[in-house]
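Step one of this worksheet: look at the structure below.
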Amino acid sequence: MTQDHPSHEDQGYEALVEQIVVSRRPASAAETAAANRGWWDGTSDDYQAEHGEFLRDVGFVWCPEGTDEADVHLLGDVRGKRILEIGCGAGQCGRWLIAQGAHVAGVDLSARQLQHSRRIDEATAVRLPALVANAERLPFADSSFDLACSAFGAIPFVADSAAVMREAWRVLRPGGRFVFSVTHPLRWAFPDDPGPNGLVADRSYFDRTPYVEVDEAGRAVYVEHHRTMADRIGEIVGAGLRLDAMVEPEWPDGHEREWGQWSPLRGRFIPGTAIFLCSRPEG
Ligand SMILES: C[S@@+](CC[C@H](N)C(=O)[O-])C[C@H]1O[C@@H](n2cnc3c(N)ncnc32)[C@H](O)[C@@H]1O
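In our numbering, the protein residues as written are 55 to 337.
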């Protein structure tokens with residue numbers, strides 16, 4: 055059971071890998087990308103079936119708390135802007151941005167996720183241009199975008215999230231903005247459990263050893279990498295980006311939908327999501 059992203063426990067994962075073992079061990083960038091590409095390709099159908107309605111085909115939900123870009127406007131005015139969605143999955147956010155008048159491209163590691171994006175394109179007639187790419191090496195020229203965004207896409211999963219920050223800086227024009235959501239770093243210290251057990255810290259927040267699920271042959275089939283809050287800020291600033299603000303969405307009253315480890319119970323006590331608002335300074 056994973057700690058750092060919406061649950062895959064009941065999403066057909068057993069059909070993909072009959073017996074997995076959870077471990078904490080180093081995982082290189084290449085091993086991480088291969089494992090996660092396979093995992094998202096293999097579970098995408100179930101993931102979209104389970105979460106598609108909540109995400110909406112044309113909708114920008116930042117996190118399991120339900121924070122909606124239509125309400126919070128973290129990206130500011132998007133009309134006419136060139137926007138990159140990193141780790142776009144089935145493209146729900148990018149499609150919403152297009153509906154607001156933006157020019158959007160999406161990238162994702164998983165071809166199957168992008169096939170779902172294409173399926174929704176056809177159903178909605180709102181088409182998101184998207185391509186398979188690793189967020190650690192974005193296939194775009196320097197200064198191509200006014201904005202970049204990522205709603206739990208790529209960043210919690212990559213070995214080298216500092217590289218993603220550098221790539222965001224590179225593809226943004228000076229003055230451009232980058233806004234991304236990730237699992238709140240505090241959650242790393244707690245069991246991945248939406249119930250009361252998930253309220254008692256049982257491991258070190260400071261232990262950066264990756265979370266790795268391995269198959270019977272010892273191959274990684276799913277990997278998450280932890281960053282503390284200071285690590286995240288260090289990577290943002292180290293890439294040359296400015297951190298303008300941070301949002302810790304509170305669990306809304308009346309919001310009963312659980313998503314993996316995210317639940318109303320835990321949401322009352324500890325943050326589940328961190329959203330970082332960054333920009334590439336002018337000049
Ligand atoms: C939780 S989904 C987020 C997408 C969408 N916002 C959603 O909520 O469904 C995470 C996405 O990140 C993608 N991803 C994981 N690692 C990546 C990487 N290294 N580069 C690009 N995308 C990656 C996965 O394939 C998956 O589609």
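Each residue gets a CB set at the ideal place from its N, CA and C atoms; glycine is no exception.
Proximal residues to residue i (C-beta, below 8 Å), its chain only, five neighbours per side dropped
{"i": "glutamate 336", "result": "Pro228 and Gly229"}
{"i": "isoleucine 209", "result": "Ile140, Gly141, Ala189, Ser215, Val218, Phe234 and Val236"}
DSSP beta-bridge partners of residue i
{"i": "serine 333", "result": "Arg231 and Arg296"}
{"i": "leucine 226", "result": "Phe199"}
{"i": "serine 77", "result": "Val266"}
{"i": "valine 161", "result": "Ile140 and Leu185"}
{"i": "valine 236", "result": "Ala328"}
{"i": "tryptophan 242", "result": "Tryptophan 242 pairs with nothing; no bridge assigned."}
{"i": "tryptophan 313", "result": "Trp316"}
{"i": "valine 301", "result": "Ile329"}
CB contact flag (residue i, residue j, <8 Å)
{"i": "glutamine 167", "j": "tryptophan 93", "result": "no"}
{"i": "valine 112", "j": "leucine 201", "result": "no"}
{"i": "glycine 155", "j": "leucine 182", "result": "no"}
{"i": "methionine 300", "j": "alanine 328", "result": "yes"}
{"i": "alanine 144", "j": "isoleucine 174", "result": "yes"}
{"i": "leucine 138", "j": "phenylalanine 211", "result": "no"}
{"i": "proline 118", "j": "glycine 326", "result": "yes"}
{"i": "valine 254", "j": "alanine 89", "result": "no"}
{"i": "arginine 296", "j": "proline 239", "result": "no"}
Opening and closing residue of the beta strand (DSSP E) in which residue i lies
{"i": "aspartate 200", "result": "199-205"}
{"i": "alanine 274", "result": "274-278"}
{"i": "leucine 185", "result": "184-186"}
{"i": "alanine 165", "result": "Segment 165-178 is the alpha helix (DSSP H) holding alanine 165; no beta strand (DSSP E) there."}
Residue i - containing alpha helix (DSSP H), residue span
{"i": "glutamate 119", "result": "Glutamate 119 -> no alpha helix (DSSP H), and no H or E assigned at all."}
{"i": "histidine 105", "result": "83-109"}
{"i": "isoleucine 140", "result": "First-last for isoleucine 140: 136-140, but that is the beta strand (DSSP E), not the alpha helix (DSSP H)."}
{"i": "alanine 153", "result": "146-153"}
{"i": "glycine 326", "result": "Run containing glycine 326: none; DSSP gives neither H nor E here."}
Other residues of its chain near residue i: CB distance less than 6 Å, five sequence neighbours each side excluded
{"i": "arginine 79", "result": "Val266"}
{"i": "histidine 157", "result": "Arg136"}
{"i": "arginine 149", "result": "Val112, Val180 and Leu182"}
{"i": "glutamine 57", "result": "Below a pLDDT of 50, predicted positions are generally treated as unreliable, and glutamine 57, at 38, falls in that range; the measurement from the model is reported next regardless. Excluding positions up to five away in sequence, the list reads Asp246 and Tyr265."}
{"i": "glutamine 102", "result": "Ala144 and His170"}
Burial state of residue i (16 or more Cβ within 10 Å)
{"i": "glutamine 73", "result": "exposed"}
{"i": "phenylalanine 330", "result": "buried"}
{"i": "valine 225", "result": "buried"}
{"i": "valine 45", "result": "Residue 45 falls outside the range modelled here, since the chain spans only 55 to 337, and no answer is possible."}
{"i": "aspartate 307", "result": "exposed"}
{"i": "aspartate 298", "result": "exposed"}
{"i": "aspartate 261", "result": "exposed"}
{"i": "aspartate 256", "result": "exposed"}
{"i": "glutamate 221", "result": "buried"}
Proximal residues to residue i (C-beta, below 7 Å), its chain only, five neighbours per side dropped
{"i": "serine 98", "result": "Ser164, Arg166, Gln167 and His170"}
{"i": "serine 258", "result": "Ala243"}
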